[in-house]
Amino acid sequence: GAVVSQHPSRVICKSGTSVKIECRSLDFQATTMFWYRQFPKQSLMLMATSNEGSKATYEQGVEKDKFLINHASLTLSTLTVTSAHPEDSSFYICSATANTEAFFGQGTRLTVV
Amino acid sequence: GDSVTQMEGPVTLSEEAFLTINCTYTATGYPSLFWYVQYPGEGLQLLLKATKADDKGSNKGFEATYRKETTSFHLEKGSVQVSDSAVYFCALTPSSSASKIIFGSGTRLSIRP
């Protein structure tokens, strides 16, 4: 199947700094990618839909100025958590669709201290 | 809104035991139903799916049947192996939006040798 690579897998940052997470489709082009967030013992929640060459579409309640999404090419979407705070600590996962099937990255564990 | 509820884990079984992980859903219309699996250190992978009522999805010895009358999609395997240890997510895509995935909270499964 298609491969989606996410980097980094773990990151620890200080409160107030920004963190960038990359999501790449390695063997296919993805005009649309999705970003999810998972709190402990809870569901993966869709944060936003990343559209190549245009603005991302954010789900209700997600701050677009805090979670900046850039989809500059058909194989790369980035999520930047700006001015991170401890409550942003979570597990972030990206996905892309190929041939109607969703493929997921390995996820990024973000810890803000 | 649409939602998925699955049994809480962790679930611990001995090798060769029978496995059931319960999943029920709430959705309008006719959603597609999925089971995803996440092995340690890896991204989510599609395990099986069913797109209409009474369909049975199967893969790697796992099965799940789309039951519209009980709004359920329980995952079963007759004889589990240590290599089945992972986190299992039940999910759906609404009939109105095939690209949006709604996940359950996940069930961690551990198999003892």
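So the protein sequences, as listed, match chains A and B.
Under my numbering, think of the first position of the first sequence as -18, with each following residue one higher.
Under my numbering, think of the first position of the second sequence as 4, with each following residue one higher.
By construction, the Cβ of each residue, glycine as well, lies at the ideal position given by its N, Cα and C atoms.
From residue i to residue j, what distance separates their C-alpha atoms?
i             : j             : result
residue 116/B : residue 84/B  : 8 Å
residue 37/A  : residue 104/B : 17 Å
residue 11/B  : residue 4/B   : 21 Å
residue 88/B  : residue 87/A  : 17 Å
residue 7/B   : residue 34/A  : 33 Å
residue 41/B  : residue 46/A  : 31 Å
residue 69/B  : residue 5/A   : 33 Å
residue 59/B  : residue 53/B  : 6 Å
residue 39/A  : residue 97/B  : 18 Å
residue 82/A  : residue 82/B  : 28 Å
residue 78/B  : residue 26/B  : 7 Å
residue 21/B  : residue 99/B  : 35 Å
Closer than 8 Å, CB to CB, is residue i near chain B or not?
i            : result
residue 91/A : no
residue 13/A : yes
residue 44/A : no
residue 88/A : yes
residue 3/A  : no
Would you mind giving the Cβ-Cβ distance between residue i and residue j, rounded to the nearest angstrom? I have them listed as a contact below 8 Å.
i            : j             : result
residue 65/B : residue 50/B  : 6 Å
residue 78/A : residue 102/B : 6 Å
Using a beta-carbon distance below 8 Å, is residue i in contact with chain A?
i             : result
residue 108/B : yes
residue 103/B : yes
Worksheet item: Where in the region 33 to 109 of chain B do unbroken runs of the beta strand (DSSP E), each at least 3 residues long, occur, reported from the N-terminal end onward?
Response: DSSP runs (the beta strand (DSSP E)) wholly in the region 33 to 109 of chain B: 35 to 41, 48 to 53, 59 to 62, 65 to 68, 78 to 80 and 89 to 96.
Worksheet entry | Near-chain A residues of the region 23 to 55 of chain B - C-beta to any C-beta below 9 Å | Taking 9 Å as the cut-off between beta carbons, the residues of the region 23 to 55 of chain B near chain A are 37, 39, 41, 44, 45, 46, 47, 48, 49 and 52, in sequence order.
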